[in-house]
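For reference, the structure discussed in these notes is given below.
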Amino acid sequence: MQLKASTDYGMRAILYLAAQGTTCSSKDIANDMSIPRDYLIQLAQLLRNAGIIEARPGKHGGYRLAKDPADITVLEIMEALDDDAKQSTRAKRNARKGGAMVQEVKRTYDLIEESMDTFLNSLTVKLLLECANDKEGSKKFLSDRFDEESRRLSELN
Numbered sequence: 205m206q207l208k209a210s211t212d213y214g215m216r217a218i219l220y221l222a223a224q225g226t227t228c229s230s231k232d233i234a235n236d237m238s239i240p241r242d243y244l245i246q247l248a249q250l251l252r253n254a255g256i257i258e259a260r261p262g263k264h265g266g267y268r269l270a271k272d273p274a275d276i277t278v279l280e281i282m283e284a285l286d287d288d289a290k291q292s293t294r295a296k297r298n299a300r301k302g303g304a305m306v307q308e309v310k311r312t313y314d315l316i317e318e319s320m321d322t323f324l325n326s327l328t329v330k331l332l333l334e335c336a337n338d339k340e341g342s343k344k345f346l347s348d349r350f351d352e353e354s355r356r357l358s359e360l361n
């Protein structure tokens with residue numbers, strides 16, 4: 205799956221801040237994570253508005269996480285960075301409601317979206333960092349998450 209640039213850069217910045225555990229300058233984040241600094245500042249505004257990071261002005265300022273990494277989910281980050289696009293997509297979907305879209309296909313798509321949201325909401329920044337540090341266990345971890353989601357979906361029927 206290819207992430208949009210904003211999601212990719214935003215996730216990198218959040219994971220970097222979580223790994224550092226302290227306030228980091230935009231320059232350091234941009235350099236260390238290969239993110240264009242001007243773009244990082246724009247993304248940081250979205251993340252700040254969502255309450256995920258805090259900005260500290262001044263000579264020793266920068267960005268830091270506003271919450272514990274265990275309380276920040278991948279879904280939360282993605283929604284913060286993609287809010288405008290989601291609003292546009294919802295508007296387009298609502299305009300099509302009375303159209304020829306087959307309801308069965310729509311229900312299937314909604315199920316895919318719900319499953320992805322549930323899965324992404326179960327992944328926290330802390331969990332991802334721990335998983336990345338345990339290279340052998342990371343595949344097992346993801347497999348277990350998929351199994352949990354499969355069981356949940358089968359219980360819906």
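Position in the sequence shown (first residue = 1) + 204 = the numbering used here. Here a beta-carbon is modelled for each residue, glycine too, at the ideal position from N, C-alpha and C. Note that the structure is a prediction, hence the values are computed from the model and not measured.
Among all the DSSP beta bridges, which residues are the ones paired with residue i?
i	result
residue 267	228 and 259
residue 312	Answer by DSSP bridge pairing: none, since residue 312 is not bridged.
Going by DSSP, what residue range makes up the alpha helix (DSSP H) through residue i?
i	result
residue 275	No alpha helix (DSSP H) contains residue 275, which DSSP labels as neither H nor E.
residue 330	329–337
residue 344	341–360
residue 239	Taken as a continuous stretch (DSSP letters only), residue 239 belongs to no alpha helix (DSSP H), as it is neither H nor E.
Determine the DSSP secondary structure at residue i, reduced to helix, strand or coil.
i	result
residue 223	helix
residue 206	coil
residue 248	helix
residue 254	coil
Within a Cβ cutoff of 7 Å, which residues of the same chain sit near residue i, ignoring the five residues on either side of it in sequence?
i	result
residue 213	239, 243, 244 and 247
residue 279	321, 324 and 325
residue 216	237 and 239
residue 221	228, 257, 267, 268 and 269
To which residues of the same chain is residue i closer than 8 Å at the C-beta, ignoring the five residues directly before and after it?
i	result
residue 341	335
residue 260	227, 266, 267 and 268
Residues in its own chain within less than 6 Å of residue i by CB, not counting five upstream and five downstream?
i	result
residue 285	210, 211, 214 and 250
residue 346	none
For the ligand GTP, any of its heavy atoms closer than 7 Å to the Cβ of residue i?
i	result
residue 229	Absence of the ligand GTP is noted for the structure shown, with no ligands found whatsoever.
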